[in-house]
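If you want my numbering, it's the position in the sequence shown, counting the first as 1, plus 15. Where a beta carbon is used, it is the ideal one built from N, C-alpha and C, also for glycine. Structure first, then comments.
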Amino acid sequence: MSAETAVQLKKILEAAIDDDLPNRVSKEVKGILEDIERGKIKERNIAVRLALIYGALKNYIEISSTSQLLKKFRDDPTTLTPEEVGALRRIYNEVTGVWKLYNGITDGERLPNTLRKDIKLEEDIDDMRKTLSFLADGYEISNGEYKLFVEGNYIIIQPQQVFQRTRGIDTEELKRLLEATFPGAVLLPKLRLPDEWQVLEGLSAEHLHKPVKIKVKVLGVGELRARPYRFKLHSREFVRQLLPEPLPDVNIDRLKLQYNPENRFVDTIKLKVIGTGDGARKSFTAVADGETARKMAREVEEGKEYILEGIPHIVESRSLYEATLGLYVTGFISVSKEKEKRQKKEEEITDDDMGFFEQFRKLTGEEKLDILLHDFAWRIEPATDMIKKTKIAMLILAVGATRVPNGAVRRSINILVAGADWKSREIANELDKIADVQVEETIESGGNAKGKVVLTKSGESGETNFDIVLTPTLDDVISTEEVVSDFFELVELDFTTFEDYRQEVSCTRPNGLVFDMQRLKKFVRYARNIRPSFPREKRQYLARKLAERLMEDGMDREVKENAADFVRAAVRLSTALARLLLEDEVTEMDIDTAVEFVVDSYIAQRSFARKRKEKLIEEFVKRLEGRGSISREKFELMWGETAKQLGFGFEVIEEFLAEAKRNDLVREKSKGRGRGKFVYFKDGFIEELRQYLISRVE
């Protein structure tokens with residue numbers, strides 16, 4: 016083979032390598048290129064290798080053209096999944112590379128005359144290439160009013176004119192246009208159209224969908240000509256609302272808003288959704304009128320969220336890796352302003368609300384409390400004391416209660432409900448709906464609590480944290496059997512909607528009063544402004560009840576040490592409950608309920624703290640079990656870590672070791688020069704240590 020022929024062949028094959036080729040074909044092409052580089056350019060050798068390429072091409076086309084995936088595409092492309100569309104696009108790229116390579120090696124003027132044109136193979140390749148080109152290039156037709164083109168596995172309709180008045184889409188005309196163009200076509204021979212076209216009417220024929228809203232967050236703002244706005248999409252579902260048909264799944268990363276001041280005719284804002292899916296880049300472009308664009312340029316601020324309002328329409332795209340959608344932006348509003356506007360309207364207390372509250376005020380304390388316990392978190396029947404206690408705690412919190420004494424647990428805890436479990440989140444979520452709080456569930460480390468609901472109430476001067484700690488079951492506080500069998504069982508009632516619930520209970524209520532969610536939210540705001548008095552005789556009653564309750568539980572020392580804290584906490588809680596029940600002054604029922612909360616909280620936290628210390632002691636003792644001895648230095652180090660958490664001094668363990676030596680349970684001995692002392696345990700030492708440390712826990 017001459018050098019000139021080798022150069023020609025090398026160019027053809029190098030161009031083919033840059034394309035997508037099937038693996039076997041690519042391997043043969045690379046082999047010939049290597050032969051040429053090494054100087055192996057005998058005509059017979061090259062001819063054989065070209066024949067191998069030819070065979071690989073033919074084998075690939077025979078397999079691909081009869082594949083089930085291609086058959087499915089020919090029969091009904093609208094049934095393809097996103098993954099199948101991606102696979103067909105890869106086949107299209109390979110077929111395109113095969114087509115170029117086939118023509119190159121069969122049409123070369125001076126190439127070895129060993130390959131003959133195979134008409135059937137050529138037709139098969141061409142048919143596959145044209146058929147699959149719909150997945151890349153699309154195919155369009157137009158009648159002057161509408162332009163139709165295929166992209167992916169669906170048909171896109173784009174009007175050619177912008178009408179001055181609202182106009183519906185002539186779906187029958189579109190059907191006729193499609194049927195006249197595609198019948199029996201080689202490219203899409205069996206394309207099926209839906210029985211009813213879901214093309215929605217917009218402001219003009221250009222806008223094929225109903226108005227939508229997209230919530231975005233501004234990531235950055237700069238000079239319009241130099242740097243675009245960057246938006247973070249609040250939820251990918253907002254983008255899904257824009258799509259005329261499902262596209263291959265795409266992971267949305269961000270929205271990019273760009274103002275184009277150079278357009279003299281129509282100022283535009285481009286809203287792009289950048290993401291990845293099947294290795295492709297998807298983008299959706301939004302267009303705003305000039306006035307809206309300039310307003311956004313003036314008012315959009317970094318770090319804030321906005322709602323863009325507009326009407327989507329289809330924008331033609333020719334790129335294999337890009338699908339484009341337009342949004343005619345008609346306006347925008349700051350999310351915070353929209354929220355304030357909506358909340359102000361929703362939370363405005365009307366005359367009807369005031370009439371409802373006045374009727375509620377006239378009921379007895381027991382009747383009012385019963386109504387609130389049922390209507391707040393209405394799906395959870397207050398069938399047990401624990402459910403009632405948790406609901407009361409959260410309602411009191413909603414109207415502004417503060418801390419209660421909490422013993423050994425730090426003062427960030429407000430109300431501790433013994434025996435609760437994770438299902439308390441159900442009630443906490445309801446509180447989130449009626450009060451301006453955020454509910455967060457955490458699990459504290461070290462077994463400190465099984466579940467924790469953190470309620471954060473925003474205020475002008477900052478944020479105040481309110482915690483309701485829901486502890487695990489404590490056998491010495493509340494029986495395990497009671498909690499397991501009764502606590503927070505979500506009762507399956509006969510009604511499934513609130514309206515059913517309202518009809519069911521209203522007939523049994525005084526004056527038929529039932530709180531729905533919106534009214535309960537208004538009620539909480541209204542109740543916060545109630546200022547009940549606390550008569551002197553009621554304060555005396557509170558002090559007496561509190562002292563009696565504390566002494567019943569054998570807490571004489573606690574009464575003396577924390578009397579002022581107990582009284583202040585009970586006063587705050589009883590006042591909050593009176594506020595919740597719209598009372599002019601605190602009642603004995605309010606005081607009784609508050610006293611139970613204060614004392615139960617203290618008992619539970621004290622017991623909980625004791626159990627936590629016992630657990631730490633058990634962990635320390637277990638580290639010693641199975642040992643016959645331990646170095647004195649390591650023993651002191653282990654004890655120091657535990658003592659710090661228990662609040663003990665080092666003298667505690669020294670006292671025990673001295674007593675253990677006297678009882679011949681332990682001995683210390685040096686193991687030699689420079690090795691320090693070792694502590695040797697005898698039978699009974701570990702158990703004595705356990706009992707001794709537990710006895711020191713208060």
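Integer-rounded CB distance, given that residue j should sit under 8 angstroms from residue i
| i | j | result |
| --- | --- | --- |
| Gly112 | Leu36 | 5 angstroms |
| Leu661 | Lys628 | 5 angstroms |
| Ile545 | Arg594 | 4 angstroms |
| Phe581 | Val613 | 6 angstroms |
| Leu136 | Ile76 | 6 angstroms |
| Ala102 | Leu84 | 6 angstroms |
| Met143 | Ser80 | 6 angstroms |
Rounded C-alpha distance that separates residue i from residue j
| i | j | result |
| --- | --- | --- |
| Arg711 | Phe665 | 13 angstroms |
| Lys637 | Phe530 | 55 angstroms |
| Leu708 | Val667 | 8 angstroms |
| Ser646 | Arg621 | 35 angstroms |
| Thr657 | Leu631 | 7 angstroms |
| Glu716 | Glu634 | Residue 716 lies beyond the stretch modelled for the chain, which goes from 16 to 713, so this question has no answer here. |
| Ser41 | Leu28 | 10 angstroms |
| Lys383 | Arg705 | 51 angstroms |
| Ile68 | Lys45 | 10 angstroms |
| Glu324 | Ile348 | 8 angstroms |
| Ser685 | Lys649 | 14 angstroms |
| Ile141 | Val100 | First, the residue type needs correcting, since residue 141 is Asp and not Ile in the sequence shown. Looking at the two C-alpha atoms, the distance is approximately 20 angstroms. |
| Phe696 | Lys676 | 10 angstroms |
| Thr399 | Val610 | 19 angstroms |
| Glu702 | Gly643 | 14 angstroms |
| Ile402 | Arg543 | 23 angstroms |
| Lys352 | Ile322 | 10 angstroms |
| Pro525 | Asp615 | 32 angstroms |
| Pro547 | Phe671 | 56 angstroms |
| Asn678 | Asp698 | 11 angstroms |
| Arg333 | Lys319 | Bear in mind that the predicted position of Arg333 carries a pLDDT of just 43, short of 50, making it too unreliable to give a figure here. |
| Ala301 | Lys536 | Since pLDDT at Ala301 reaches only 45, below the 50 mark, its modelled position is unreliable, and no value is offered. |
| Glu43 | Lys87 | 31 angstroms |
| Glu363 | Phe371 | 14 angstroms |
| Val601 | Lys377 | 15 angstroms |
| Leu565 | Asp607 | 13 angstroms |
| Ala51 | Glu317 | Strictly speaking, residue 51 in this sequence is Ile, with Ala absent from that position. Whole-angstrom Cα-Cα distance: 60 angstroms. |
| Ile618 | Thr405 | 16 angstroms |
| Arg104 | Ala413 | 58 angstroms |
| Glu674 | Arg625 | 25 angstroms |
| Glu669 | Ala579 | 37 angstroms |
| Leu48 | Val315 | 58 angstroms |
DSSP state of residue i mapped onto helix, strand, coil
| i | result |
| --- | --- |
| Gly527 | helix |
| Phe693 | strand |
| Val350 | helix |
| Val100 | helix |
| Val520 | helix |
| Glu683 | strand |
| Glu316 | coil |
| Glu324 | strand |
| Ile395 | coil |
| Ile364 | coil |
| Ile668 | helix |
| Ser82 | coil |
| Ile140 | helix |
| Ile645 | strand |
Residue-chain proximity (residue i, chain C), Cβ-Cβ < 7 angstroms
| i | result |
| --- | --- |
| Ile668 | Annotation note: the requested chain C is absent from the structure, which comprises a single protein chain. |
Any non-hydrogen atom of the ligand SAM closer than 6 angstroms to residue i Cβ
| i | result |
| --- | --- |
| Phe375 | Among the ligands in the structure shown, none appear at all, so the ligand SAM cannot be discussed. |
Does the count of Cβ pairs from the stretch 514 to 521 and the stretch 359 to 372 closer than 8 angstroms reach three?
Taking a cut-off of 8 angstroms on C-beta distances, the stretch 514 to 521 does not touch the stretch 359 to 372, as fewer than three cross pairs fall below it.
| query | Considering only residues of the stretch 560 to 618, which uninterrupted alpha helix (DSSP H) runs meet the minimum length of 4 residues and lie entirely inside it, listed in chain order? | reply | 571 to 595
Practice prompt. Would you check if the stretch 586 to 602 and the stretch 634 to 651 touch, i.e. whether three or more CB-CB distances between them fall below 8 angstroms?
Written response: no
Q.
Using 8 angstroms as the cut-off, can you tell me whether the stretch 378 to 395 makes contact with the stretch 555 to 563, which would need three or more C-beta pairs spanning the two stretches below that distance?
A. no
- Quick check: the stretch 64 to 77 against the stretch 114 to 121, are there 3 or more CB pairs under 8 angstroms? yes
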